[in-house]
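Okay, structure coming up:
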């Protein structure tokens, strides 16, 4: 198509301009194309040292970068689908998310390169885990704009990576204000529960077990269902028997027959529920098991549901703090 040939020519010319600009402004780095006529800097990303605009004007975000950059107020022109985060968006973020062009699906393999090109970004922030980068044609994206890949390996890394994503998009100031509010709230709740929570050995049932395979998800420290509760002083005992990399370093999938052994030492058990409080099928599978009813923590009535366990930004995690506080409130009465 004529449009495609024109865009490729424009990309090639801009790439040449980037090399010259980067050499002048940064002294190193020539990956990607920088915003035409603007200052650039070299940014350390999962895909290398990338020359990016100092102040991007048109940003595309995918994966975990979507909620981070919506929250930080970055100048977004396109995002991937991020359905899991919709219940955690505030009104302004939800409105912006709905209005933005969707340039990719939920999976990295569902990236729409033509849609990204049509959004005409001057920066692309890819927020997918490193192993998933293989599903994306980075070179093809680099012909459109500079690409920085900033993705997590373990779930709890959202803290550092959301800050880095916001920084890349020139929106660090908005990020820092929200983080400060989160830290203040977390400290207050830590003080609230310091007499009871740190003394407990906790277990957590996650929402990603596979009922068809007869297993359940047990999450340890640093996983989705546990990492924000840890900011209140919670500790999830044990560790993964065989680390499989990424999230499999902090969660495992035992068979339902191992439920008694998995949580035998737990003083209390938490479990993930949906934003509306509904129990996901993988968790219901555990709660309906006769073995569940025989666990010491269950018999003692020390089981607590957590909402918003998929939070990946500080504003969203503030909602999680509230949900964890609500769940743990009975501990202060026992």
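Numbering (mature numbering (1 follows the signal peptide of the UniProt record, and there is no 0)), first residue to last: -25 to -1, 1 to 309. Ideal Cβ placement from N, Cα and C applies to all residues, glycine included.
Tell me where the alpha helix (DSSP H) around residue i begins and ends.
{"i": "residue 77", "result": "That residue, residue 77, is in no alpha helix (DSSP H); its beta strand (DSSP E) goes 76 to 79."}
{"i": "residue 303", "result": "289 to 303"}
{"i": "residue 93", "result": "88 to 94"}
{"i": "residue 46", "result": "40 to 47"}
{"i": "residue 205", "result": "202 to 205"}
{"i": "residue 26", "result": "That residue, residue 26, is in no alpha helix (DSSP H); its beta strand (DSSP E) goes 23 to 28."}
{"i": "residue 235", "result": "234 to 237"}
{"i": "residue 183", "result": "Neither: residue 183 is in no alpha helix (DSSP H) and is coded neither H nor E."}
{"i": "residue 266", "result": "265 to 268"}
{"i": "residue 163", "result": "147 to 168"}
So is residue i buried or exposed if we call it buried at 16+ other beta carbons inside 10 Å?
{"i": "residue 200", "result": "buried"}
{"i": "residue 217", "result": "exposed"}
{"i": "residue 209", "result": "buried"}
{"i": "residue 67", "result": "exposed"}
{"i": "residue 51", "result": "buried"}
{"i": "residue 84", "result": "exposed"}
{"i": "residue 170", "result": "exposed"}
{"i": "residue 307", "result": "exposed"}
{"i": "residue 252", "result": "exposed"}
{"i": "residue 189", "result": "exposed"}
{"i": "residue 316", "result": "Here the chain comprises residues numbered -25 to 309, so residue 316 is not present and cannot be evaluated."}
Using beta-carbon positions only, say whether residue i and residue j come within less than 9 Å of one another.
{"i": "residue 184", "j": "residue 260", "result": "yes"}
{"i": "residue 111", "j": "residue 40", "result": "no"}
{"i": "residue 27", "j": "residue 35", "result": "no"}
{"i": "residue 91", "j": "residue 53", "result": "yes"}
{"i": "residue 245", "j": "residue 286", "result": "no"}
{"i": "residue 94", "j": "residue 118", "result": "no"}
{"i": "residue 197", "j": "residue 106", "result": "no"}
{"i": "residue 161", "j": "residue 47", "result": "no"}
In terms of residue numbering, what span does the beta strand (DSSP E) encompassing residue i cover?
{"i": "residue 245", "result": "243 to 247"}
{"i": "residue 307", "result": "Where residue 307 is concerned, there is no enclosing beta strand (DSSP E), given that its DSSP letter is neither H nor E."}
{"i": "residue 137", "result": "From DSSP, residue 137 is part of no beta strand (DSSP E) but of the alpha helix (DSSP H) over 133 to 143."}
{"i": "residue 101", "result": "98 to 102"}
{"i": "residue 276", "result": "From DSSP, residue 276 is part of no beta strand (DSSP E); its letter is neither H nor E."}
Grab me the residues of residue i's own chain with a C-beta within less than 7 Å of its C-beta, minus the 5 sequence neighbours each way, in chain order.
{"i": "residue 297", "result": "none"}
{"i": "residue 224", "result": "129, 215 and 218"}
{"i": "residue 87", "result": "78 and 79"}
In chain order, what residues of the same chain lie with their CB nearer than 8 Å to the CB of residue i, ignoring the 5 residues before and after it?
{"i": "residue 192", "result": "180, 181, 182, 183, 184, 226, 227, 228 and 257"}
{"i": "residue 58", "result": "81"}
{"i": "residue 314", "result": "Because the chain here runs from -25 to 309, residue 314 falls outside it and cannot be looked at."}
With a threshold of 6 Å on Cβ separation, who are the neighbours of residue i within its own chain once the five nearest residues in sequence on each side are excluded?
{"i": "residue 97", "result": "10, 28, 31, 32, 33 and 120"}
{"i": "residue 56", "result": "77, 80 and 81"}
{"i": "residue 194", "result": "179, 181, 200, 201 and 226"}
{"i": "residue 60", "result": "42"}
Within the chosen definition, does the region 65 to 80 reach the region 139 to 157 through at least 3 CB pairs nearer than 8 Å? Verdict: no, contact absent.
Taking contact to mean at least 3 C-beta pairs separated by less than 8 Å, is the region 253 to 267 in contact with the region 288 to 299? No, they do not touch.
Between the region 216 to 234 and the region 149 to 160, do at least 3 Cβ pairs fall closer than 8 Å? Between the region 216 to 234 and the region 149 to 160, the count of Cβ pairs shorter than 8 Å is below three; the stretches do not touch.
Does the region 55 to 70 come close enough to the region 157 to 175 to have 3 or more Cβ pairs within less than 8 Å? Result no; under three Cβ-Cβ pairs closer than 8 Å.
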